[in-house]
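Colleague: Residues are numbered in the numbering used here as their position in the sequence shown, beginning at 1, plus a constant of 297.
Just so you know, even glycine gets a beta-carbon here, dropped at the ideal spot from N, CA and C.
Got a structure for you, questions after.
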Amino acid sequence: MGVLHAEALQKIPAAKLSVCCDLNENKALSFGERFHFRTVTSNPAEIFNDPKIDAVYIASTTDSHLALFRQAVKSGKHILIEKPLALSAEDADEIYQLSQQSQSIMMTAFKFRFYSMIQQAHRLIPDPFMASVHIIDDPWPPDFWANQPNKGGGNVISQGVHGTDLLRYLIGSEPELVYGVANNYHQPTGVIDNLAATFRFKNGSAGNLMVGDCGTAPLVSKFMVQLTGKQGTITLVDRLTDLYFKPMFEKEIIRFRGEEDGIFQENKIFIDAISGNESHYPKIWDGYVAQAMIEKAIRSSKERQAIQILDCHKHPN
Ligand SMILES: NC(=O)c1ccc[n+]([C@@H]2O[C@H](COP(=O)([O-])OP(=O)(O)OC[C@H]3O[C@@H](n4cnc5c(N)ncnc54)[C@H](O)[C@@H]3O)[C@@H](O)[C@H]2O)c1
């Protein structure tokens with residue numbers, strides 16, 4: 298993700314790449330050389346202690362996010378942090394609480410919100426009754442770090458937050474209750490590898506999520522979104538680039554095409570926000586809620602009952 302963010306930032310005149318860090322020195326060196334960073338290090342403190350740096354990106358393996366976020370908040374810098382915020386909702390909550398101690402701009406990297414066809418879907422049906430998000434990969438290799446319980450948490454924790462954030466963003470309401478069915482169906486690492494869940498939102502809308510690595514389905518691709526509202530119905534396929542809209546009571550289907558342009562847009566919006574321009578971007582709170590939704594869906598499956606998602610007293614928003 299460091300490479301993808303650096304590629305995006307290179308195209309944004311207001312951003313200048315300055316210091317890069319990776320614990321793996323060889324990776325740091327090749328990354329630094331490729332993007333012409335002035336300083337290359339394997340010690341994150343060099344970034345946090347550098348007064349010339351305005352903003353830091355936390356795009357390391359998920360197990361390292363909380364410790365790096367703590368240091369980043371202390372440094373007073375603006376922060377973009379990759380999803381999922383942490384390995385558990387408890388750690389994501391700590392990240393949210395830390396974020397409340399600073400006035401800096403802090404963004405959770407939910408790139409899908411910025412895809413042009415997600416924006417189009419949101420414009421066409423701004424208040425859907427029902428939304429369905431599907432993120433299904435081919436099986437992840439067992440030696441992939443994100444598939445380790447203590448490093449990435451597995452597919453559902455790692456990718457599921459993109460799905461829960463999309464549901465919440467498209468429906469435009471806070472999630473209330475979830476009923477989930479989740480399991481370790483096939484991964485030798487023992488992680489929860491697949492989840493199906495239904496969320497009830499405060500405005501009464503329903504959101505369905507299917508996430509996992511049981512094998513990408515023909516026709517729909519890894520990512521699919523469906524929305525139904527009073528304006529009609531949308532199906533968005535081909536990695537969220539191909540949108541079909543059937544207006545209510547009409548037979549004609551209108552097709553829109555877009556690009557996988559979320560990473561560039563999220564970087565542009567982050568830099569805009571730092572530069573003092575008004576912009577809407579996913580906050581750390583959004584990262585926390587997305588993670589709580591996944592964790593509660595998994596708990597619901599274990600307890601075989603619907604579970605309440607947010608503790609409103611703890612998180613007045
Ligand atoms: N937004 C998205 O669509 C998306 C997609 C993939 C991954 N991600 C997220 O991005 C993050 C990185 O994933 P990736 O696929 O780029 O992984 P990666 O393995 O390609 O890179 C992660 C790097 O972090 C380094 N690292 C680990 N701990 C560190 C620390 N304490 N300080 C400095 N460097 C450290 C590792 O050496 C490694 O080179 C993860 O949180 C992942 O969930 C997001």
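Any chance the CB of M298 is under 8 angstroms from a heavy atom of ligand 1?
Modeller: Checking every heavy atom of ligand 1 against the Cβ of M298, one is found closer than 8 angstroms.
Colleague: Drop a sphere of 10 angstroms on the beta-carbon of M545, count the other beta-carbons inside from all chains shown, and report buried for 16 or more, exposed for fewer.
Modeller: Burial call: exposed.
Colleague: Based on Cα-Cα distance, which residue from V488, R601, R536 lies nearest to A514?
Modeller: Checking every option, the nearest Cα to that of A514 belongs to R536.
Colleague: Report the three-state DSSP secondary structure of T338 (helix, strand or coil).
Modeller: It is a strand residue.
Colleague: State the Cα-Cα distance for the pair I412 and I432, rounded to the nearest angstrom.
Modeller: Going by the sequence as given, residue 412 is Tyr instead of Ile. Looking at the two C-alpha atoms, the distance is approximately 15 angstroms.
Colleague: Count the other CB atoms within 10 Å of the CB of K548; is the residue buried (16 or more) or exposed (fewer)?
Modeller: Counting Cβ neighbours within 10 Å, K548 comes out exposed, since fewer than 16 surround it.
Colleague: Any heavy atom of ligand 1 inside 8 angstroms of the beta-carbon of L607?
Modeller: For ligand 1, not one heavy atom lies less than 8 angstroms from the Cβ of L607.
Colleague: Does the stretch 389-397 come within contact of the stretch 509-529, defined as at least 3 CB pairs closer than 8 angstroms?
Modeller: Output reads no: the stretch 509-529 does not touch the stretch 389-397.
Colleague: Say yes only if the C-beta of G584 is nearer than 8 angstroms to one or more non-hydrogen atoms of ligand 1, and no if none qualify.
Modeller: Not under cutoff, so the answer is no.
Colleague: Measuring straight from C-alpha to C-alpha, what distance separates A589 and I604?
Modeller: Using only the alpha carbons, I get a separation of about 11 angstroms.
Colleague: Which complete alpha helix (DSSP H) runs does the stretch 458-535 hold, if anything under 4 residues is left out?
Modeller: Fully enclosed alpha helix (DSSP H) runs of 4 or longer: not present.
Colleague: Check whether the Cβ of D319 sits closer than 8 angstroms to any heavy atom of ligand 1, and report yes or no.
Modeller: Checking every heavy atom of ligand 1 against the Cβ of D319, one is found closer than 8 angstroms.
Colleague: Given this structure, state the Cα-to-Cα distance separating I531 from V337, to the nearest angstrom.
Modeller: Whole-angstrom Cα-Cα distance: 46 angstroms.
Colleague: Alpha carbon to alpha carbon, how far is Y541 from I550? Give it in angstroms, no decimals.
Modeller: Distance between the alpha carbons of I550 and Y541 is about 6 angstroms.
Colleague: Provide the residue span of the beta strand (DSSP E) that contains L377, from first to last.
Modeller: L377 -> beta strand (DSSP E) spans 375-378.
Colleague: What I want to know is whether the C-beta of E379 ends up closer than 8 angstroms to one or more non-hydrogen atoms of ligand 1.
Modeller: Because some heavy atom of ligand 1 lies under 8 angstroms away, the Cβ of E379 counts as near it: yes.
Colleague: Quick check: the Cα distance between R554 and M507, rounded to an integer number of angstroms?
Modeller: For R554 and M507, the distance between alpha carbons rounds to 24 angstroms.
Colleague: Leaving out five residues before and five after K448 in sequence, what residues of the same chain have Cβ atoms less than 6 angstroms from its Cβ?
Modeller: If we look at K448 and ignore the five residues flanking it on each side, its Cβ neighbours are T358, D360, W442.
Colleague: Start and end of the alpha helix (DSSP H) containing Y393?
Modeller: Element bounds for Y393: 386-396.
Colleague: Quick check on G457: buried or exposed, where buried means 16 or more other Cβ atoms within 10 Å of its Cβ?
Modeller: Result: buried.
Colleague: Taking 8 angstroms as the line, does the beta carbon of P470 fall inside it for any heavy atom of ligand 1?
Modeller: Looking at the sequence itself, residue 470 is Ser, so the reference to Pro does not match. Checking every heavy atom of ligand 1 against the Cβ of S470, none is found closer than 8 angstroms.
Colleague: Report back the beta-carbon spacing between H362 and L382 to the nearest angstrom; my notes put them in contact at under 8 angstroms.
Modeller: With 8 angstroms as the limit, H362 and L382 qualify as a contact, their Cβ atoms being about 6 angstroms apart.
Colleague: Whole angstroms is fine: what's the gap from N481's alpha carbon to G559's?
Modeller: Their Cα atoms are separated by approximately 31 angstroms.
Colleague: For P438, count neighbouring Cβ atoms within 10 angstroms of its own Cβ and tell me buried if that reaches 16, exposed if not.
Modeller: Exposed: under 16 other Cβ atoms inside 10 Å.
Colleague: P341 to L314, Cα distance in whole Å?
Modeller: Going by the C-alpha atoms only, they are around 15 angstroms apart.
Colleague: If we ignore side chains and look at the alpha-carbon of each, how far apart do K499 and S401 end up?
Modeller: One C-alpha to the other measures close to 30 angstroms.
Colleague: Any contact between the stretch 416-430 and the stretch 463-477? By contact I mean 3 or more CB pairs, one from each, below 8 angstroms.
Modeller: Enough Cβ pairs lie closer than 8 angstroms, so yes.
Colleague: Below 7 angstroms CB to CB, which residues in the same chain sit around P310 once its five sequence neighbours on both sides are set aside?
Modeller: Excluding positions up to five away in sequence, the list is empty.
Colleague: In this structure, how does DSSP classify R601 when only helix, strand and coil are distinguished?
Modeller: In this structure, R601 counts as coil in the three-state DSSP scheme.
Colleague: What do you get for L320, buried or exposed, if any count of 16 or more other CB atoms within 10 angstroms of its CB means buried?
Modeller: Burial call: exposed.
Colleague: Whole angstroms is fine: what's the gap from L533's alpha carbon to K408's?
Modeller: Roughly 16 angstroms between the two C-alpha positions.
Colleague: Please report how far the alpha carbon of P436 lies from the alpha carbon of H333, in whole angstroms.
Modeller: About 36 angstroms.
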